[in-house]
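Asks:
Numbering (my numbering), first residue to last: 276 to 400.
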């Protein structure tokens, strides 16, 4: 397994594991404490975390055979996106700190750029 494949699978598995835990905490532990809108925001973070956990696992499988530089960039952007996008949504809801909403789009741009890098690597790798 290439070093990139190993890192992608590690982060994908970690985000999958923590996504289940964070999602369950939201569904059971926070349900009585948060409004429906807050829970929806929280679960948006969980959804995007899971999608990108799976994307990292896919990238790890692809990188097992080859690993263009663009895929390394994609992995970094997906990882950063989970921390920035999902993390800011979790913190926004849990701390009621509204300025964190301004950070969330940075994570979204990171996801978009990661998908573009993945495509670039497929085309030019």
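Glycine residues also receive a C-beta, built at the ideal position from the N, C-alpha and C atoms.
From this set, 283, 365, 302 and 390, which residue's C-alpha is nearest residue 378's C-alpha?
Replies: Mapped onto the chain shown, residue 378 falls at position 103. When only C-alpha atoms are compared, the closest one is 365.
Asks: Drop a sphere of 10 angstroms on the beta-carbon of residue 282, count the other beta-carbons inside from all chains shown, and report buried for 16 or more, exposed for fewer.
Replies: Residue mapping note: residue 282 aligns to position 7 of the chain shown, counting from 1. Buried, by the Cβ-count rule.
Asks: Quick check: what's the CA-CA separation for residue 382 versus residue 360?
Replies: Stepping through the chain shown from its first residue, residue 382 is reached at position 107. Stepping through the chain shown from its first residue, residue 360 is reached at position 85. Their backbone Cα atoms lie some 4 Å apart in a straight line.
Asks: Given residue 338, which residues of its chain have a CB within under 7 Å of its CB, disregarding the five upstream and five downstream residues?
Replies: On the chain shown, residue 338 is found 63 positions in, with the first residue counted as 1. 277, 279, 280, 283 and 346, listed in sequence order.
Asks: Kindly list the residues whose CB is nearer than 8 Å to the CB of residue 367, restricted to its own chain and excluding five residues on each side of it in sequence; keep chain order.
Replies: To locate residue 367, count along the chain shown from 1; it is residue 92. Excluding sequence positions up to five before and after residue 367, its CB lies within less than 8 Å of the CB of 316, 373, 375, 376 and 379, all in the same chain and listed in chain order.
Asks: Of all the beta strand (DSSP E) runs that stay within the bounds of the region 340–369, which reach a length of 3 or more residues?
Replies: none
Asks: Write down the C-beta distance between residue 350 and residue 331 rounded to the nearest angstrom, noting that I regard them as a contact closer than 8 Å.
Replies: Mapped onto the chain shown, residue 350 falls at position 75. Mapped onto the chain shown, residue 331 falls at position 56. So it is a contact: roughly 6 Å between Cβ atoms.
Asks: Relative to the C-alpha of residue 326, which residue among 291, 299 and 369 is closest?
Replies: What you label residue 326 is simply residue 51 of the chain shown in a count that begins at 1. Among 291, 299 and 369, the Cα nearest to that of residue 326 is on 291.
Asks: What span of residues does the alpha helix (DSSP H) with residue 374 cover, start to end?
Replies: On the chain shown, residue 374 is found 99 positions in, with the first residue counted as 1. From DSSP, residue 374 is part of no alpha helix (DSSP H); its letter is neither H nor E.
Asks: Which word fits residue 297, buried or exposed, when buried means at least 16 other C-beta atoms lie within 10 angstroms of its C-beta?
Replies: In the chain shown, the residue the question calls residue 297 occupies position 22. Its Cβ being crowded by 16 or more others within 10 Å, residue 297 is buried.
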